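Report on the structure given below.
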Amino acid sequence: MFKRILPFMIIMLLVCTMLVQALEHKKDKQVKASTETSSSEASDEDLNELYNSIMSSQIEEPEEEEEDVAEGLEIGSKAPDFELTTLTGKKMRLADFKGKRLMINFFATWCYPCKIEMPVLEKFYQENHDDIEILAINIDTQSDVKGYVKKLNLSFPILLDEKGVVDTQYQVLAIPSTYIVDEKGIIINKHYGALNDQQLEKLFK
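Going left to right, the sequence shown walks through residues 2 to 206 as this note's numbering numbers them.
Have a look at this one:
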């Protein structure tokens, strides 16, 4: 009888072993899956934190607006004296205009905003030249400045800064640049970029 039971017991033992192995395998898979999920979640959290950190570092606090732009001479400072030659060969000094309000405008023939601005300056000059003088200082003297002036029909003095001395004195970093100088030779206003009629009126208030 034992001989009959032995095969059955062996089969049952094998079945039990297989069941135990199957259960252990299933448990291992669950543990592995759980570990992978936790790892994935941790990885996502780490990436999210890293992304936020990077983005935060790129966001700068808004700077307070400055009253004056950084370039050029400061309003309230004395306008540096200079002597330049006009298109007609005449020597002109800033000191020659003491006692008169003055606009000093820096321009170049290749500058498109300057070309747009010039007719505005000419109109303003025609209407106010008894009280206000305009000195337009050209910084690309190797170009056809005479042709440029003739084409735009400009009547205010055009001075040639052949060596860039005055351009440096006035710390011009952008053109067109305009300084407004009062009767005492003090800079009372300045503007960068092309001027329109309203801006011109405002500069002299």
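No residue lacks a Cβ here, since even glycine has one placed at the ideal position from N, Cα and C. Because the structure is a prediction, the values reported are computed rather than measured.
- The continuous stretches of beta strand (DSSP E) do not include residue 125, which lies in the alpha helix (DSSP H) extending over residues 113-129.
- Take residue 166, set aside five residues on each side of it, and the residues of its chain with a beta-carbon closer than 8 Å to its own are 83, in chain order.
- The Cβ neighbour count for residue 120, taken over all protein chains shown within 10 Å, is under 16; the residue is labelled exposed.
- Between the alpha carbons of residue 150 and residue 161 lies a distance of about 12 Å.
- The shortest CA-to-CA distance from residue 206 to any of 183, 172 and 94 is the one to 183.
- About 14 Å separates the beta carbon of residue 104 from that of residue 76, a gap too long to meet the 8 Å contact definition.
- Taking 8 Å as the cut-off, the beta carbon of residue 158 is found closer than this to the beta carbon of residue 87.
- In the three-state reduction of the DSSP assignment, residue 173 falls in the coil class, being assigned neither a helical nor a strand state.
- Rounded to the nearest whole angstrom, the CA to CA distance from residue 78 to residue 185 is 11 Å.
- Around the beta carbon of residue 179, 16 or more other beta carbons sit within 10 angstroms, so the residue counts as buried.
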